[in-house]
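Colleague: The structure under discussion is supplied below as structure tokens; questions concerning it will follow.
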Amino acid sequence: MAGPPQYKWFFETTTPVEGHMHAISRTIATRQTRFQFMEIMETHSYGKVLILDGRIQSSQADEFIYHEVLVQPGLLAHPHPRRAMVIGGGEGATVREILRHRSITGCLMVDIDGEVVAECRKHLPEMHRGAFDDPRTRLLHEDARAYLEKTSDRFDLIVIDLVEPLEEGPACLLFTKEFYSLVRDRLTADGVMTMQAGMTKVNELFFFGAVNRTLREVFPVVAPYQGFISCFGTPWGFILASKGADPRRQTAEEIDRLLAARLDPADLGYWNGAAHLHSFNLPKFITRAIETNDRIITDADPLIVS
Ligand code: SAM
């Protein structure tokens, strides 16, 4: 008699004392690159997933949530975004999301790891959907901080889509006050920055609070928000920062009107006026964790997650 199906499992430790499991149907690619350990797997629930240093970066089934939440509010807070930059961005879905806006004339992606990007390009067409071949896209493989230090380019939108600052990881010095000052200085006057900023679940808010606190040293407007990313098994924090534009002043009607004018809203699966209000209106325990956090992350005192 056949027993219950025997699955192979991928177990992700989300914190040192918690985790999330995915049943795996096949391993598509595994590679130790110069910078990180990369796996692309197919899961039973979420389709293909990209995993870096043991952490799920995105899944085929719900990456639209992560990438729309990461990108759309930044573009919609800008009056007429033309030039965009993605810091990190591996899978190419962040660039894809930016290119939906008809006003975008150029999108530069700077990801340190050419091997990860090449594997994503080959194995995850469902995510990038040809974004790397769009004539508006320019791709560089170098440390994004080194690039920003030397460039004279200015951007209307900068999206920071990095891996977490893990010990020995390539992104440790891209979550500091000095780095955010560099990002601010490379934005145009109306420029907007958005980023992924770690989980927002109970008892795990220190990192999100510290990044908010650090950004407030650098930007006059810092607007935290969140979305639930089910393949991560936890709500996830994002932050929009700018020199003036504040998404919390935008109404649901304004967001829906802007979306209709700038892209085809039918192409989106998550972001609209209602999602905008839902995301930027945070519950009390999160705002309290942000308000009471006084940790400023600096090059001399970086914050490493485990
Ligand atoms: N969606 C993701 C998540 O959940 O955190 C992050 C997206 S993406 C896969 C992260 C990318 O950041 C990786 O491809 C990695 O190579 C890139 N990265 C890490 N450190 C970097 C650095 N110093 N400069 C540029 N890119 C970097």
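The numbering used here puts the first residue of the sequence shown at 50, with every later residue one more than the last.
The beta carbon of each residue, even a glycine, is placed where N, CA and C say it ideally should be.
If you're wondering where the values come from, they're calculated on a predicted model, not measured in any experiment.
Following the continuous beta strand (DSSP E) through E88, name the residue where it begins and the one where it ends.
Modeller: As a position in the sequence shown, residue 88 is number 39, starting the count at 1. First-last of the beta strand (DSSP E) with E88: F86 to T92.
Colleague: What residue ranges within the segment 172 to 240 form continuous alpha helix (DSSP H) runs of no fewer than 4 residues, ordered along the chain?
Modeller: Fully enclosed alpha helix (DSSP H) runs of 4 or longer: 174 to 177, 193 to 199 and 226 to 234.
Colleague: Per DSSP, what kind of secondary structure is S328 in: helix, strand or coil?
Modeller: Here the question's residue 328 lines up with position 279 in the sequence shown. Of the three classes helix, strand and coil, the one that applies to S328 here is helix, per DSSP.
Colleague: Find the nearest neighbour of H116 within the set L211, D348 and V354, judged by alpha-carbon distance.
Modeller: In the sequence shown, residue 116 corresponds to position 67, counting from 1. Checked all of L211, D348 and V354; the closest Cα to H116 is L211.
Colleague: Flag F281 as yes when its Cβ comes closer than 8 angstroms to any non-hydrogen atom of ligand 1, and as no otherwise.
Modeller: Counted from its first residue, the sequence shown places residue 281 at position 232. Flag set: Cβ of F281 near ligand 1.
Colleague: Under 8 angstroms from any heavy atom of ligand 1, does the C-beta of Y115 make it?
Modeller: Taking the sequence shown and counting its residues from 1, the one referred to as residue 115 is at position 66. Yes, Cβ of Y115 sits closer than 8 angstroms to a heavy atom of ligand 1.
Colleague: How many Å lie between Y229 and Q55 at the Cα?
Modeller: In the sequence shown, counting from the first residue as 1, residue 229 sits at position 180. In the sequence shown, counting from the first residue as 1, residue 55 sits at position 6. Going from the Cα of Y229 to the Cα of Q55 covers about 47 angstroms.
Colleague: Pop quiz: E112 and A142 are said to be a contact at Cβ under 8 angstroms. What is the actual Cβ separation, rounded to whole angstroms?
Modeller: For the purposes of this step, residue 112 is taken as the residue at position 63 of the sequence shown. For the purposes of this step, residue 142 is taken as the residue at position 93 of the sequence shown. That pair is a contact at about 5 angstroms.
Colleague: Would you kindly report the start and end of the unbroken beta strand (DSSP E) that includes A72?
Modeller: By 1-based counting over the sequence shown, the position of residue 72 is 23. Segment E67 to Q81, the beta strand (DSSP E) holding A72.
Colleague: Is it the case that the Cβ atoms of V208 and L189 are separated by a distance below 9 angstroms?
Modeller: Position 159 of the sequence shown, counting from 1, holds the residue named residue 208. Position 140 of the sequence shown, counting from 1, holds the residue named residue 189. No, Cβ-Cβ distance for V208 and L189 is not below 9 angstroms.
Colleague: Taking a contact to mean a Cβ-Cβ separation below 9 angstroms, would you say E88 touches R75 in this structure?
Modeller: Start at 1 with the first residue of the sequence shown, and residue 88 comes out as number 39. Start at 1 with the first residue of the sequence shown, and residue 75 comes out as number 26. It is not a contact, given that the beta carbons lie outside the stated cut-off.
Colleague: Under 8 angstroms by Cβ, that's how I've got I77 and K97 pegged, so tell me the actual separation to the nearest angstrom.
Modeller: Here residue 77 refers to the residue found at position 28 when the sequence shown is read from its first residue. Here residue 97 refers to the residue found at position 48 when the sequence shown is read from its first residue. About 7 angstroms separates the two Cβ atoms, so the contact holds.
Colleague: For P214 versus V354, is the C-beta spacing smaller than 9 angstroms?
Modeller: On the sequence shown, position 165 is the one that residue 214 refers to. On the sequence shown, position 305 is the one that residue 354 refers to. In contact: P214 and V354 (Cβ atoms closer than 9 angstroms).
Colleague: How is V267 classed by DSSP in three states: helix, strand or coil?
Modeller: As a working note, residue 267 is residue 218 in the sequence shown. It is coil, neither helix nor strand.
Colleague: Assuming contact is defined by CB atoms lying nearer than 9 angstroms, are L197 and G139 in contact in what I supplied?
Modeller: Residue 197 sits at position 148 when you count from the first residue of the sequence shown. Residue 139 sits at position 90 when you count from the first residue of the sequence shown. For L197 and G139, no; Cβs fall outside 9 angstroms.
Colleague: Quick check on this structure: which residue in L119, H150 and T237 has the alpha carbon closest to the alpha carbon of F277?
Modeller: Here residue 277 refers to the residue found at position 228 when the sequence shown is read from its first residue. The option with the nearest alpha carbon to F277 is L119.
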